[in-house]
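First the structure, in the form of structure tokens, and then the observations on it.
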Amino acid sequence: MPLSTPRIVELARRLESAALERRTERKLTDAEPDFTLSDGYEVQWALRNLRITAGARLSGLKMGLTSRAKMKQMGVDSPIYGFLLDEFYVPADSQIAMSGLIHPRVEPEIALVTNRDLRGPGCTIANALAAIDFAVPAMEIIDSRYTDFKFDLPSVVADNGSSARYVVGTTARRVRDLDLRTLGVVVEKNGEAVSFGAGAAVLGHPVSSLAMLANLLALREQIIPAGTYVMTGGITEAIKAQAGDHFVARFQDLGSLSTRFV
Ligand code: OOG
Ligand code: MG
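Each residue of the sequence shown is one higher than the last, beginning at 794 in our numbering.
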């Protein structure tokens, strides 16, 4: 049986407080053994409404768990979506305060910005390609609100795909001028190359992730409006960050971006 609306809001508040107070919670399925994926999305949408009521603005959407490397690292087996808020945004080559985070990890992503509404069901990679304005390089800082970064699919969906911060690079390129499948990325932590990948790691092609997002949103009668910034999901496994760490993501054909944890 689906959870009641008051219970959904209570669980969303629990995750919101954990993020604001930078402490962890037990994963939701521990307290609610029958908690389903659909309950997870109900909590995520309630969390989004709570933040927007508190004054935050929606600044984009994200896909997560779109690469084998990420699914294997987290022990889950299917892609998910979440939302981005202006309060998560960090400009390229600036700093991120550890005081606002719990146990952050960094992952390199290709982000796409749309120029037409995109809707499912039945959205294909060709439909998605026709709706993209440009690609930009990005890094997502994930920070699970669950103890030891351990969760299952319904719990991580409720926690908005662990989203916490995102850094966006400034090299915007038209997708038709790039081969997003073979586009490579190297992540350096404190000057040492620590992870490597290419766009094809993301569902075979990062634009498939955008099409999948349109199809997942259609299940709730939602669309991707024109002008939406979409992160397509971590290309490599996520790398742990601590105060003092400096990360650089070098993307072939899309430039580099960096961030320092302080
Ligand atoms: C879940 C979020 C995954 C991605 O890009 O795969 C994600 C997690 O790993 O905590 O954002
Ligand atoms: Mg991500």
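Built from N, CA and C at the ideal position, the CB exists for glycine as well.
Three-way DSSP call (helix, strand, coil) for residue i in this model
| i | result |
| --- | --- |
| glutamine 1035 | coil |
| threonine 1029 | coil |
| serine 988 | strand |
| glutamine 888 | strand |
| phenylalanine 944 | coil |
| methionine 794 | coil |
| isoleucine 895 | coil |
| valine 1055 | coil |
| leucine 1056 | This structure cannot speak to residue 1056, because the chain is shown only from 794 to 1055. |
| leucine 830 | helix |
| glutamate 814 | coil |
| arginine 969 | helix |
| isoleucine 845 | helix |
Residue range of the unbroken beta strand (DSSP E) whose run includes residue i
| i | result |
| --- | --- |
| leucine 905 | 898 to 907 |
| tyrosine 1022 | 1022 to 1024 |
| serine 956 | 956 to 961 |
| valine 869 | Note, valine 869: premise wrong, no beta strand (DSSP E); not H, not E. |
| glutamate 933 | 925 to 935 |
| valine 979 | 977 to 982 |
Residue i, buried or exposed, once every other Cβ within 10 Å from all chains shown has been counted against 16
| i | result |
| --- | --- |
| methionine 794 | exposed |
| valine 1041 | buried |
| isoleucine 889 | buried |
| alanine 986 | exposed |
| valine 1023 | buried |
| glycine 1026 | buried |
| glutamine 837 | buried |
| isoleucine 925 | buried |
| leucine 973 | buried |
| proline 897 | buried |
| arginine 819 | exposed |
Enclosing alpha helix (DSSP H) for residue i [first to last residue]
| i | result |
| --- | --- |
| threonine 822 | 821 to 824 |
| leucine 1047 | That residue, leucine 1047, is in no alpha helix (DSSP H); it is neither H nor E in DSSP. |
- prompt: For the 8 Å Cβ check, are there 3 or more pairs between the segment 953 to 960 and the segment 931 to 939?
  reply: Yes, the segment 953 to 960 touches the segment 931 to 939.
query: Touch check for the segment 863 to 871 and the segment 1028 to 1046: three-plus C-beta pairs under 8 Å?
result: Counting Cβ pairs under 8 Å, three or more are found: they touch.
task: Give a yes or no on contact between the segment 906 to 919 and the segment 869 to 889, applying the rule of three or more CB pairs nearer than 8 Å.
output: Because the criterion of three Cβ pairs below 8 Å is not met, the segment 906 to 919 and the segment 869 to 889 do not touch.
query: Between the segment 840 to 855 and the segment 1005 to 1025, are three or more C-beta pairs nearer than 8 Å?
result: yes
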